[in-house]
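In the working numbering, the protein residues as written are 28 to 324. Ideal Cβ positions, reconstructed from N, Cα and C, are used throughout, including at glycine. Take a look at the structure set out below.
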Ligand code: SIN
Ligand code: FE
C-alpha cells in the first residue's frame, strides 16, 4: 500500500470537489497520510521572528495553544511578541480546521478541536525517556487524556525557514500492528481506572480501549527488535520526508509513526467520534474489539 495520498491543493480555503473529498477521506480512514506538497502555511516577517529564537521556554519540547481559551503554554515571550505568537497559533488552528472540514464535511458532526502545537526543537539527537521518545514507532495514546474510542486526527505543516525536512517512519497497517502485539496486551487491573481518575491522573475515566491503546503504544516502543527491523536497509517502508512548505494529515491513533528528524512544524490535533467517519468499522476501537471479541468502551 502506498503510504501517501498526494493532493495538489495550494490554498487552505480552496473549494474542494466532493469526489476529491470522498477519496481523501477514504484514504485517511484507510491508514494513509494525506500529503499536500504545495500547501505552505504562510508567515509574515514578524511571525518568523517570534517563532525564531526563544519561543519554547525550556520546560517543554513544544509551545502549545488552547483554541478554547486562547492561551499559550511553553513560551517565555511577553507582551506584543506573546500576542503575535498566540495569533499565529490561532491562525494555523483555523486553517487546519477549515481544510479538514473542506475535505470531510461529514466530520463536522463531531469534530472537536484540541491543542495546537508549534514544535521548534530539532528531533534528531534529543534524549527522551522511552515512553516519550517519538523517534520510536508508535500509535498515539496519551496517559492523561483518555478518548474512550474517539479518534486522534492531526494536521502538520513544516515551516522550517532553512529547508530542513521533517523525516518520518511509518509502520504496518493498524490491524497487523495490533495483531503483532496482541499477545503482550494485558487488561487493566480491577479498580485501576477509578483510582487513576480519583487521583486526577486522568482527565476523564480511562476506558478499556484507552488502556489497550496505551499498552499497544508501550509494547511497540519497547520492542527493540521491531524498531530495528523497521529501520534496517531494505525495510518495507523507507522514511518519508516532508519538506518545508508542505502539509500532511494523518490519523495518528491508526498509523504507526515515528518522527526521526526535523524542526519548526505546526500541528493541530482533532478528536472525532467514530460514528462520524465515512466508515466507522475502520476506527481502532472497532478493529481492537473485533480482535479481542469484546466491547472496549
Ligand atoms: C508524534 O506524534 O509522534 C510526533 C510527530 C511529529 O512531531 O512530527
Ligand atoms: Fe505520535
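{"query": "Cα-Cα separation, residue 110 to residue 213", "result": "46 Å"}
{"query": "Delimiting residues of the beta strand (DSSP E) encompassing residue 327", "result": "The structure shown has nothing for residue 327, since the chain only spans 28 to 324."}
{"query": "Beta-carbon contacts of residue 266 that lie in its chain and below 7 Å, excluding the five residues immediately before and after", "result": "194, 195, 196 and 287"}
{"query": "Residue 325, enclosing alpha helix (DSSP H) - first and last residue", "result": "Coverage of the chain is limited to positions 28 through 324, which leaves residue 325 absent and any answer about it impossible."}
{"query": "Residue 88 (DSSP reduced to helix, strand or coil)", "result": "coil"}
{"query": "One or two residues paired with residue 299 in a DSSP bridge", "result": "178"}
{"query": "8 Å Cβ cutoff, residue 232 in contact with chain D", "result": "Structure shown: chain D not included; a single protein chain is present."}
{"query": "Closer than 7 Å: residue 279 CB and nearest the ligand FE heavy atom", "result": "yes"}
{"query": "For residue 329, the three-state DSSP class (helix, strand or coil)", "result": "Only positions 28 to 324 of the chain appear in the structure, and residue 329 is not among them; the question remains open."}
{"query": "Residue environment, residue 65, which counts as buried when at least 16 other CB atoms sit within 10 Å", "result": "exposed"}
{"query": "Whole-angstrom C-beta distance between residue 139 and residue 309, which should lie under 8 Å", "result": "Their Cβ separation, rounded to whole angstroms, is 19 Å, which puts residue 309 and residue 139 out of contact at 8 Å."}
{"query": "Simplified DSSP state of residue 268, which is helix, strand or coil", "result": "strand"}
{"query": "Rounded Cβ spacing between residue 205 and residue 243 (contact assumed at less than 8 Å)", "result": "6 Å"}
{"query": "Secondary structure of residue 163, DSSP reduced to three states", "result": "coil"}
{"query": "Counterpart residues of residue 103 in DSSP-defined beta bridges", "result": "None; residue 103 has no bridge partner."}
{"query": "Local Cβ density within 10 Å of residue 274, reported as buried at 16 or more and exposed below that", "result": "buried"}
{"query": "Span of the beta strand (DSSP E) around residue 62", "result": "60-63"}
{"query": "Residue 183 CB to nearest heavy atom of the ligand SIN below 7 Å", "result": "yes"}
{"query": "The ligand SIN heavy atom lying under 7 Å from the CB of residue 284", "result": "yes"}
{"query": "Extent of the continuous beta strand (DSSP E) to which residue 143 belongs", "result": "139-146"}
{"query": "Euclidean distance between Cα positions of residue 97 and residue 91", "result": "10 Å"}
{"query": "Assigned secondary structure, residue 225 (DSSP; H/G/I helix, E/B strand, else coil)", "result": "helix"}
{"query": "Residue 161: CB within 7 Å of a non-hydrogen atom of the ligand FE", "result": "yes"}
{"query": "Assigned exposure category for residue 217 - 16 Cβ within 10 Å defines buried", "result": "exposed"}
{"query": "For residue 152, the nearest candidate out of 202, 300 and 290 (CA to CA)", "result": "290"}
{"query": "Of the listed residues 41, 269 and 259, nearest to residue 130 (C-alpha basis)", "result": "41"}
{"query": "Closer than 7 Å: residue 292 CB and nearest the ligand SIN heavy atom", "result": "yes"}
{"query": "Uninterrupted beta strand (DSSP E) stretches inside the segment 32-72 (no shorter than 3 residues)", "result": "60-63"}
{"query": "Residue interval of the beta strand (DSSP E) (run including residue 277)", "result": "274-278"}
{"query": "Residue 148 versus residue 320 - alpha carbon distance", "result": "42 Å"}
{"query": "Between the CA atoms of residue 228 and residue 117 - distance to the nearest angstrom", "result": "28 Å"}
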